[in-house]
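Asks: One structure coming up, written as structure tokens, with questions to follow.
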Amino acid sequence: MFNPKFIPLAVTCALFFVLFGIGAIQFDGFGSSRVFFNLLSDNAFLIIAAVGMTFVILSGGIDLSVGAVIALTGVICSVLISKYQWHPLVVFPVVLIGGTAFGAIMGAIIHYYKMQPFIVTLAGMFFARGLASVISEESIPIEHEFYNQVAEFGFMLPGDAWIGTSTIICLLVLFVAIIIAHYTRFGGRVYAVGGDANSAALMGIPLAQTTIRIYAISAFLATLAGIVYSFYTFSGYSLAAVGVELDAIAAVVIGGTLLTGGYGYMFGTLMGVLIMGVVQTYISFDGTLSSWWTKIVIGLLLFCFIALQQLLVRGKPR
Amino acid sequence: MNTTPVLQLKGINKIFPSVHALKDVDFSLRAGEIHALLGENGAGKSTLIKVMTGVYQRDGGDILLEGNPIFPNNTGDAQDLGISTVYQEVNLLPNLTVAQNIYLGREPRRFGLINWKKVNQDAAQLLKGYDLHIDVTLPLSHYSIAVQQLIAIARGVDMSAKVLILDEPTASLDADEVQSLFRIMRDLKARGIGIVFVTHFLDQVYAVCDRITILRSAELVGEFVAANLSRTELIGHMLGKELAELGEHKAQTNENRDEALLTLQGLGRNATLSAVDLQVCKGEVVGLAGLLGSGRTELCRLIFGVDKKHTGTVTFNGKAVNFSSPRDAIDAGMGLCPEDRKHDGILGQLSIRENMILARQIKQGWWKFISRKEQEEIANQYVKELSIATSDIEKPIEQLSGGNQQKVILARWLAANPSLLILDEPTRGIDIGAHAEIIRLIRKLCDQGLALVVASSELEELVAFSSKVIVLRDRNKVAELEGNDINPQRIMQAIAAS
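These protein sequence lines map, in sequence, to chains A and B. Residue numbers for the first sequence follow the working numbering, so the first one is 17 and each next one is one higher. Residue numbers for the second sequence follow the working numbering, so the first one is 197 and each next one is one higher.
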């Protein structure tokens, strides 16, 4: 028997393969493992951020600070590495701990002051973006041997497909996230809080701890996404990654997670990002269309998915 | 029966900023007994339960579990100690599977990860003990409230419950479901679990309970053995009167009988209600009887245009009408007080005044402003007329008791001058005092010439005010009773017999 709860996930997967198939039929070289793995490596930072966002949205919340945290991470990394000559392997744990603490504070404010996640993370977004600009308004290049090594690291798959550091990190993150979401008690609590926070509390779920952890995880992954992002750009810039939080939200929703919380799968988020990536790739292969068409297509997709979710929610017995 | 109490509360006090909610209340529960906790709304029942389960912290007194003092800080603590609670509105998670709900927070693990196979097997095994043979991998929302409640009980008991608190578990169950719940309660009692049973239904108290503790106005009235306490005494204790005034009312026959106000012919809707014929005259109260799910609520919604009819005709005030939305029904002169007051009736954050003028405003159109002075006049008039207990018409309605909220909603419709009022379970979840008042109010409105359609599951109530009773069963109209036929026995027969 096919469980109806898998419908959104199935639709997302099917959609990805249809889009990929259309591209493959229309253009030479589209349907290759190289294009597929480029989707992963180009969007690795977005996948990482979107995985964090999935935890937040599953719990019925939202995190708007993601893009700003990515930019702030880049700026701090570049300053510490280029200006103060720290080794990147020292810098990374420092920013990851700082980012996690930032998320934990937002989570604590949301829980203890009973504030809307929307407004708290909006404040967090302004704070992080502002701090990044105060540190440096200019883009700061990162010049370090380690970054060159990172860029060179990786291995080739058949079909000219390159698996680099970013791809490896993002697949690891996804794997661990799937285990956490679906095979640990903490994962169960995330779904529980998203289903009905009151009931969850009455069933003995520690709300404070769960909420704080969720936002800490999201910020941790946003910081990690910022580090991965700096692998692409070799720099830190306070106005980088503007609106990435919205891309992440879109990916999560297209991936079949309900915005109201409680329903959805980690794997869907990967598919959500890949769908957005495949649309972008299609448009760049075509060459005649403006890249802004990506946004229009994604807008329409989002709309369809929200409509589909509504239908599923309404169609439920009772 | 074991005579040492499993749970003992001594001299419990709870003080909120504005109210002293519990004054030196004692309560003792023995292992292997079912103990009713009774009292009107506001008597302190829920506060007492919340103190037992750690939702509130007591401001004085002791709680002893098997003789040892305990200090639960939250429901998790209480559960760990062995005190579980099942609430009326089933506080489980609709989005998780049945098995997940049962084992949430204590899933069996292997190598640190949840062992889903074992979770599902154990859950199915556990529910078999409750005669529930269901697919535990489906979401909870797939099942009826009755099943969900049993699942909640199974969860509670499985968490090594010594004490099981059932807070109005029967409010949304039909008679059969109540019987199976009682069977399970007796089973659990035989296993030595102490059960606290909170309910509004006195029949049920006598059906399963061994002892009864009654609270009134935050104080303990006393503890009684159920077999030795007559129903009149019980009500007297709850109301604080020696003999409760529950006057029998002989339904009046109405003189204006022929003036049909509302006529339904073959009104129906696919899958929710099959063709119903009905005539409501001016100044008449028509009662709708039937079990939960028999089609009472569906009929109310159909008349009022909430759901669209598929078959039949409706004649209202001599004109054939076809409402496509409640708005049309309001314009035509109808009002509906829905069953679920909290969700469909009140706007909790708005004041009494704002709640009251809503219907009139809608009827007038949103663009015609009702002056503040006029609004206040309306509100004050109805607060007085319906004796709504409040100090201030600007108070948010959610701060009122259930009975007073219901009166505000009645006032809302009365302010719009309807000719027909539909009340769906107007006395649900309302304490006995307010209950009697609402019934008096219904009679009064009817005397003033208003026609009412009232759906209720309380037979005595229907008998008290109806001049005609329609009995529904399985989404069909099965009987129409008038005059001397309106008595609990006849209605009961019609509901039960085929």
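Ideal Cβ placement from N, Cα and C applies to all residues, glycine included.
1. Our contact map puts R608(B) next to L554(B) with C-beta atoms below 8 Å; I'd like the distance itself, whole angstroms only.
2. With a threshold of 16 other CB atoms inside 10 Å of the CB of T200(B), please say whether the residue is buried or exposed.
3. Using a Cβ cut-off of 8 Å, pull out every chain A residue sitting near L289(B), in sequence order please.
4. In three-state terms, what does DSSP make of P622(B)?
5. Give a yes or no on whether 9 Å exceeds the smallest Cβ distance from G204(A) to chain B.
6. Note the first and the last residue of the continuous alpha helix (DSSP H) segment covering Y248(A).
7. Tell me, which residues are paired with G418(B) by DSSP?
8. Answer with yes or no whether the minimum CB distance from Y129(A) to chain B is below 9 Å.
9. According to DSSP, what are the bridge partners of S224(B)?
10. When you compare each of T310(A), W309(A), G114(A), G77(A) to I126(A) by their alpha carbons, which one comes out closest?
11. Could you tell me which chain A residues have their CB closer than 9 Å to the CB of G272(B), listed as they occur along the chain?
12. Are the beta-carbon atoms of K163(B) and Y578(B) separated by less than 9 Å?
13. Would you tell me roughly how many angstroms separate the C-alpha atoms of F142(A) and L582(B), rounded to the nearest one?
14. Quick check on P335(B): does DSSP put it in helix, strand or coil?
15. V667(B) and I618(B): beta carbons closer than 9 Å?
16. In this structure, does DSSP put P592(B) in helix, strand or coil?
17. List, in order along the chain, the chain A residues whose C-beta lies closer than 8 Å to that of P335(B)?
18. What is the DSSP secondary structure of P684(B), reduced to helix, strand or coil?
19. Do we get a CB-CB distance below 9 Å when we pair L260(B) with the residues of chain A?
20. Check whether the region 88-105 of chain A touches the region 235-247 of chain A, counting contact only when three or more Cβ pairs, one atom from each stretch, lie closer than 8 Å.
21. Go ahead and pull the three-state DSSP assignment for C477(B).
22. Considering only the alpha carbon of each residue, which of L262(A), F236(A), T249(A), S254(A) lies closest to L112(A)?
23. Taking D524(B) as the reference, give the member of G501(B), I347(B), V315(B) with the closest Cα.
24. Could you say if the region 151-158 of chain A and the region 248-255 of chain A meet the contact criterion of at least three C-beta pairs nearer than 8 Å?
25. Could you confirm whether any beta carbon from chain A is found closer than 9 Å to the beta carbon of G301(B)?
26. Helix, strand or coil for A611(B)? Go by DSSP, reduced to three states.
27. Quick one: measure Cβ to Cβ for G280(A) and L286(A), integer angstroms, because I've assumed they're closer than 8 Å.
28. With a threshold of 9 Å between beta carbons, is N466(B) in contact with chain A?
29. Where does N672(B) fall in DSSP's three states?
30. Against I310(B), what residues of chain A qualify as contacts under a CB-to-CB distance less than 9 Å, listed in chain order?
31. For I233(A) and chain B, any beta-carbon pair shorter than 9 Å?
32. Below 9 Å on C-beta distance, what does L292(B) contact in chain A?
33. D643(B): which of T507(B), C477(B), V282(B), I574(B) sits nearest, CA to CA?
34. Can you pull the chain B residues whose beta carbon is under 7 Å from the beta carbon of A73(A), in chain order?
35. Taking a cut of 9 Å between CB atoms, which residues from the region 169-197 of chain A lie near chain B?
36. Taking the runs of the beta strand (DSSP E) that are 3 residues or longer, which of them lie wholly in the region 249-329 of chain B?
Replies: Taking the definition as stated:
1. Their Cβ separation, rounded to whole angstroms, is 6 Å, which keeps R608(B) and L554(B) in contact under 8 Å.
2. Taking a 10 Å sphere around the C-beta of T200(B), we find fewer than 16 other C-beta atoms and assign the residue as exposed.
3. Neighbourhood of L289(B) in chain A, by CB distance below 8 Å: Y207, A208, G211, D212, S215, A216, M219, G278, in chain order.
4. It is coil, neither helix nor strand.
5. Judged by the 9 Å Cβ criterion, G204(A) is in contact with chain B.
6. In the DSSP assignment, Y248(A) falls within the unbroken alpha helix (DSSP H) covering 223-249.
7. DSSP lists I410(B) as the bridge partner or partners of G418(B).
8. No - not a single Cβ of chain B is within 9 Å of the one on Y129(A).
9. Note: S224(B) sits in a beta bridge opposite Q204(B).
10. The shortest C-alpha separation from I126(A) is found at G77(A).
11. Ordered by position in chain A, the residues that pass the 9 Å Cβ test against G272(B) are A217, M219, G220, I221, P222.
12. Here chain B comprises residues numbered 197 to 694, so residue 163(B) is not present and cannot be evaluated.
13. Taking the straight line joining both Cα atoms gives about 53 Å.
14. Per DSSP, reduced to three states, the secondary structure at P335(B) is strand.
15. No.
16. Three-state DSSP puts P592(B) in a strand.
17. Chain A residues near P335(B): K21.
18. DSSP places P684(B) in helix when its eight states are reduced to three.
19. No, no contact with chain A.
20. They touch, by the three-pair rule.
21. Collapsing the DSSP output to three states places C477(B) in a strand.
22. That would be F236(A), whose Cα lies nearest to the Cα of L112(A).
23. With distances taken between Cα atoms, D524(B) lies closest to G501(B).
24. They touch, by the three-pair rule.
25. Chain A has a Cβ within less than 9 Å of the Cβ of G301(B).
26. Note: A611(B) maps to coil in three-state DSSP.
27. The C-beta distance from G280(A) to L286(A) rounds to 12 Å, too long to fall under 8 Å, and the pair is not in contact.
28. Not one chain A Cβ lies under 9 Å of N466(B).
29. Note: N672(B) maps to strand in three-state DSSP.
30. Ordered by position in chain A, the residues that pass the 9 Å Cβ test against I310(B) are H198, Y199, T200, R201, G203, G204.
31. Chain B, which has no Cβ nearer than 9 Å to the Cβ of I233(A), makes this no.
32. Near L292(B) (Cβ distances below 9 Å), the residues of chain A are G204, Y207, A208, G211, G278.
33. The shortest Cα separation from D643(B) among T507(B), C477(B), V282(B), I574(B) belongs to C477(B).
34. Checking the displayed sequence, the identity of residue 73(A) turns out to be Ile instead of Ala. Going along chain B, no residue has its Cβ under 7 Å from I73(A), so there is no contact; the nearest lies around 13 Å.
35. Listed by position, the residues of the region 169-197 of chain A near chain B (Cβ gap below 9 Å) are I195.
36. As far as the region 249-329 of chain B is concerned, its whole beta strand (DSSP E) runs of at least 3 residues are 256-261, 279-283.
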